[in-house]
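Participant: Dropping a structure here in structure tokens format, bear with me for questions.
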Amino acid sequence: MRPAKSSTTSWCAAAIVAVTTASGGLVAAQSAPDGENGRYSMTPIPEGVLRLDTRTGTVSTCSRNGAGWACYAVPDERSALDAEIGRLQAEVETLKGQLAAGPTVSGKIDEALPKSDSLKKGEPKVAEGDRKLEIPLPSDQDLDRAMSFLEKAWRRLIDMANRVQKDVSGKI
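Residue numbers (numbering that gives the first Met the number 0): 0 to 171.
Below, the structure written as structure tokens:
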């Protein structure tokens, strides 16, 4: 019976060694310094290095200048967007307060507006069943302008016909 007792003891010892080894690995991983296991993730860029802080999420560009290396934070668009969202939310709350304090507007009016077309001219006057359309006649000045235009167009057409006739007769 003694051999069975010693095998149980060795099995317990092996379990204790395994547990302490595993817990020792966890302790070593938790106590790693910032330089190891990467608090900062570095990526080379043409101007130097892009540094990402994996704890805070801030991004910086690091470059070498005359005195050594210098890192400058990259502007965060997310913070600008959050600030704008906050400003707009405050404005919405202000406008809601103004609406609650002021008179309410339903958007409807009591009377219907008359329907009319501003481009449409008035209908001709009807006198007891007789419809009379009044058409304004062109003035003498309008007629003179129209005749002058037609005369110039006719003369140009005749001149073009004469030029074409001369070109054809000269080449044949």
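Every residue, glycine too, gets a C-beta built ideally from N, C-alpha and C.
Check each candidate in G169, D52 and I157 and name the one with the smallest Cα separation from Y71.
Facilitator: Reading the sequence shown from its first residue, position 72 is the one you call residue 71. The residue with the shortest Cα to Cα distance from Y71 is D52.
Participant: What are the boundary residues of the alpha helix (DSSP H) that includes G85?
Facilitator: As a first step, residue 85 is located in the sequence shown; it is residue number 86 there, counting from the start. Residues E76 to A100.
Participant: I need the straight-line Cα distance from E90 to G47, nearest angstrom please.
Facilitator: Within the sequence shown, numbered from 1, the residue matching residue 90 stands at position 91. Within the sequence shown, numbered from 1, the residue matching residue 47 stands at position 48. So the alpha carbons of these two residues sit roughly 42 Å apart.
Participant: Go ahead and pull the three-state DSSP assignment for G67.
Facilitator: On the sequence shown, residue 67 is found 68 positions in, with the first residue counted as 1. Three-state DSSP puts G67 in a strand.
Participant: Residues bridged to A72 by DSSP?
Facilitator: As a first step, residue 72 is located in the sequence shown; it is residue number 73 there, counting from the start. According to DSSP, A72 bridges with S59.
Participant: Using the Cβ count rule (16 or more neighbours within 10 Å means buried), how would you classify P32?
Facilitator: As a working note, residue 32 is residue 33 in the sequence shown. Note that P32 has pLDDT 46, beneath the 50 cutoff, so the model's placement of it is unreliable and the number below is only indicative. When all chains shown are included, P32 counts as exposed.
Participant: In this structure, how does DSSP classify L49 when only helix, strand and coil are distinguished?
Facilitator: Sequence index remark: in the sequence shown, residue 49 carries index 50 (1-based). The answer is strand: DSSP assigns L49 an E or B state.
Participant: Provide the residue(s) that pair with S40 in DSSP beta bridges, ordered along the chain.
Facilitator: Locating residue 40 in the sequence shown gives position 41, where the first residue counts as 1. Partner(s): L51.
Participant: How long is the line joining the alpha carbons of T42 and V73, rounded to whole angstroms?
Facilitator: Taking the sequence shown and counting its residues from 1, the one referred to as residue 42 is at position 43. Taking the sequence shown and counting its residues from 1, the one referred to as residue 73 is at position 74. Cα to Cα, T42 sits roughly 14 Å from V73.
Participant: Could you name the residues of the same chain whose beta carbon sits closer than 6 Å to that of E150, not counting the 5 residues immediately before and after it, in chain order?
Facilitator: The residue labelled residue 150 in the question sits at position 151 within the sequence shown. Excluding residues within five positions, none has a Cβ falling inside 6 Å.
Participant: Please report how far the alpha carbon of N161 lies from the alpha carbon of G169, in whole angstroms.
Facilitator: Counting from one through the sequence shown, the residue named residue 161 turns up at place 162. Counting from one through the sequence shown, the residue named residue 169 turns up at place 170. Between N161 and G169, the C-alpha separation is close to 12 Å.
Participant: Below 8 Å on the Cβ atoms is my guess for C61 versus R50; work out the distance and round it to an integer in Å.
Facilitator: Along the sequence shown, one-based indexing puts residue 61 at 62. Along the sequence shown, one-based indexing puts residue 50 at 51. That pair is a contact at about 5 Å.
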